[in-house]
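To start, the structure under review is shown below, and the notes come after it.
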Amino acid sequence: MNDITIYSDFIEYEKNPKLMVIRNIDWNNDFIYIPIDLPYRTENIIDFSFDDSSISVLISDLVINLTISNHVGINLSSIKSRIIESGFQENEVSKLIIRIVDFKEVIYIERN
């Protein structure tokens, strides 16, 4: 099971989600699907750290599967290719970092 945390900053005492961090990635899959409406664990953006075991998920890695509603897919095959091109192995990467603005954009496209 993927472990998901949302990192937010605060504007006028309101949470402003910025990043989604996914841990416990099963690299044996070509795709993983993230529900859009779960109450994810949240942390302050001040506590976020990007390290060597992290990789950014590009908006082009995010996909829609019309048979799995209310989920956004992540193309792990594409990410694995980038990891290998960088001289690493996928098992060396323990965190996927997604910008919330990209996640929301894919949700918007799916609904329209």
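Residue 0 is where the sequence shown starts when you use numbering that gives the first Met the number 0, and the numbers rise one by one after that. The C-beta atom is built at its ideal place from N, Cα and C for all residues, glycine as well.
Quick check: the Cα distance between residue i and residue j, rounded to an integer number of angstroms?
{"i": "Asp36", "j": "Asp29", "result": "22 Å"}
{"i": "Asn64", "j": "Ile21", "result": "19 Å"}
{"i": "Tyr32", "j": "Phe102", "result": "12 Å"}
{"i": "Asn1", "j": "Ser85", "result": "24 Å"}
{"i": "Asn69", "j": "Glu109", "result": "9 Å"}
{"i": "Asp50", "j": "Ser93", "result": "10 Å"}
{"i": "Gln88", "j": "Ser53", "result": "12 Å"}
{"i": "Tyr12", "j": "Glu91", "result": "37 Å"}
Throw me the rounded Cβ distance for the residue i and residue j pair, which I believe falls under 8 Å.
{"i": "Lys14", "j": "Thr41", "result": "7 Å"}
{"i": "Ile67", "j": "Leu95", "result": "In fact, because the Cβ distance is near 18 Å, the residues do not count as touching under 8 Å."}
Exposed or buried, what is residue i when buried is set at 16 or more other beta-carbons lying within 10 Å of its beta-carbon?
{"i": "Tyr107", "result": "exposed"}
{"i": "Ile24", "result": "buried"}
{"i": "Asp60", "result": "buried"}
{"i": "Val100", "result": "exposed"}
{"i": "Tyr6", "result": "buried"}
{"i": "Ile97", "result": "buried"}
Margin query: What ranges does the beta strand (DSSP E) occupy inside the region 60-105, keeping only unbroken runs of at least 3 residues that lie completely in it?
Written below: Residue ranges of uninterrupted beta strand (DSSP E) with 3 or more members, entirely inside the region 60-105 and ordered along the chain, are 70-74 and 94-98.
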